[in-house]
Each structure stands twice: as structure tokens, then as C-alpha cells.
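Everything in the sequence shown is counted per UniProt numbering, starting at 1 for the first residue and increasing by one. In this text, a Cβ means the ideal position worked out from N, Cα and C, and glycines have one as well. The next block holds one structure in the form of C-alpha cells; read it before the comments.
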Amino acid sequence: MTNGVLVCDCEPSGTNPAALTTCDVLTGQCSCKDRVIARNCSECISGYWGLTADNALGCNECACNPQGTKGNTNMCDKTDGSCECKVNVAGDLCEQCKPNTFNFDPNNPEGCTECECDPGASVSETCELVGGQCTCRSAQLNGRECNTPVTGYYVPKLDFAVFEPETAANGNNIVLRPGDGDLGATVSGRGLVTLSPANQVTMDFTFSLPFTGLVDVVVRFEKTTADKIVYMLGKLTYTGTTGYQCQGQTVAAGQEWSLLSTDERDSVRDTYY
Ligand SMILES: [Ca+2]
């Protein structure tokens, strides 16, 4: 600055070559190339990138797929030209759905729709790219997300068979605690049974499964502040008189499985065929 007067200081790469050293006497606006803005012509206009002196127009047009870019605008980074994709769109040019999404749709602000395959009933989180059909684990499952059974079948709850120690014939030391089924309930049934090394409790339950398949056995407990380690010992017996095949495993008549855990968590879980 000299005596209150500023130098034009036009950016050579963005200014028309014939007017490099001149600018508007009031605003200081330099004479920009067609695709350039800013007072000193130093910035590409939106939708263009890569300001260079040997480009007569100043900047290159963004090469994105407009249908996959935010606002369908073909916007890109003004410096490196990288495309700004909608949240569910991927690819260098925003030309494809992100993994685990489907139905590329220019009218969708997110670009593509999330598959939302049922985690328990689907083979993976990936779905068919056009219609979004998830791959169901069995022919008895239906629906785009595999979350409905075909006619004649039903889906049992995760806790298909629940056994409460406080209802066992030999259950002692029962602590009643209301709230079964309530949101935030800490126990199920009528309450719980207090166990200690001095009063170990054996509980026998018999139940029938109406299907063959993987079964999770979960034992839920809570520890007192004095408990260091909790030991769980259990035994499952298949009481059928004929064997069967399940997911490549042979299960014989009378087969037994053992459940033995020492665990610091609040449940013990194991999987059986
Ligand atoms: Ca209970």
C-alpha cells in the first residue's frame, strides 16, 4: 500500500492475459477468465477445478456423475477435482451405490437406499443392486429384508425357551423382584435365586425344540460386589432315540454337551447343534 492506494495484484493464472496489471479503480476487481472468480481471479467457479495459466478458460469442468453428487450439481473439490458424493454413493465419479446399499436414484438425496438385511435371517449385509433383495438363509424366509416367514411358518422369539431358577422344584434362596417384561427390568420371571459356594443349586429342565439348527444357550446372572469369578456348569442331553444331521454335524441319540464357564461377564453363552 502506497499512500492509501492498493496494488491490483491479479493472479496471473486466472486473469485474462491482456489485463494482468490492471483492475477496476474502485473495487480492485481484476478481469477474470470465464471460469474464475474472486477479486484477484484466484478461485475456480463452482463446478470447476484446477486453476492453471495455460488453460484459456482458467479451470476444468468437474467430471463427476451429477446424479450421484450432492444436490445433483456435479460439484467437485476446486483444487484436486475429487467429486463430492451423496452419503450412500461411492466411486471416483460418484457413479455407484456404496456397499450394502441399492437402487441408485438421482431423486434420492442420499443417492441409494440402505439394504437393511435382517442380520439373523440374511447371509450378508449385501443386497441385490436394483431391487434390494437380501439373500435369505433359508427358503422359509421371505421379504426384501428376509424378515418375514413364508405362509405356514413363524419366527420364535430369541428367548424361545426360558427357564427361571426361582421356579425350579428345588429352588431355595429366592429373591422376589418385580418388573418382569417392563422396559429396563433387570430380571425375568418372579425374581432370582441367590447362589454361593455353600449353597450351590442344581436345576433340571426338560424341553422340546420343534426344529433342528444352531441353538444358543445363554445363562444370565448378576454378581455381587464380593464375587470375583462365577462358575457355570451345565449339561445338555439330546433324549431322542435316533440321530440326526445338522449343518454338517452328526448328532447321535443320547448325545451330551457340556457347558462350563468361568466368566466375568453378566452372561455365559455357547452354541450347540
Ligand atoms: Ca428369574
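DSSP, reduced to helix, strand and coil, places Glu145 outside both helices and strands of the structure shown, so it counts as coil. In the three-state scheme derived from DSSP, where H, G and I count as helix and E and B as strand, Thr135 is classed as strand.
A distance below 7 Å between beta-carbons, with the five flanking residues on each side excluded, links Leu20 to the following residues of its chain, in chain order: Cys10 and Pro12. Taking 8 Å as the cut-off, the beta carbon of Phe102 is found no closer than this to the beta carbon of Val123. For Gly50, the closest of Val89, Ser82, Val251 and Gln255 by C-alpha to C-alpha distance is Ser82. The C-beta of Tyr153 has fewer than 16 other C-beta atoms within 10 Å across all chains shown, which makes the residue exposed. Taking C-beta atoms under 8 Å as the contact rule, Cys41 and Cys30 qualify, at a distance of about 5 Å. According to the DSSP assignment, Val7 belongs to no beta strand (DSSP E), since it is labelled neither H nor E.
In the three-state DSSP reduction, Gly191 falls in the strand class (E or B). Between the C-alpha atoms of Pro99 and Ala63 there is a straight-line separation of about 22 Å.
Within the model, the alpha-carbon separation for Val219 versus Ser208 is close to 18 Å. Taking non-hydrogen atoms of ligand 1 into account, the C-beta of Val219 is found less than 7 Å away from none of them.
Of the residues Leu236, Ala226 and Val150, the one whose Cα lies closest to the Cα of Thr206 is Leu236. Taking C-beta separations shorter than 7 Å and ignoring five residues to either side along the sequence, the partners of Ile174 in its chain run Glu166, Gly191 and Val193, following chain order.
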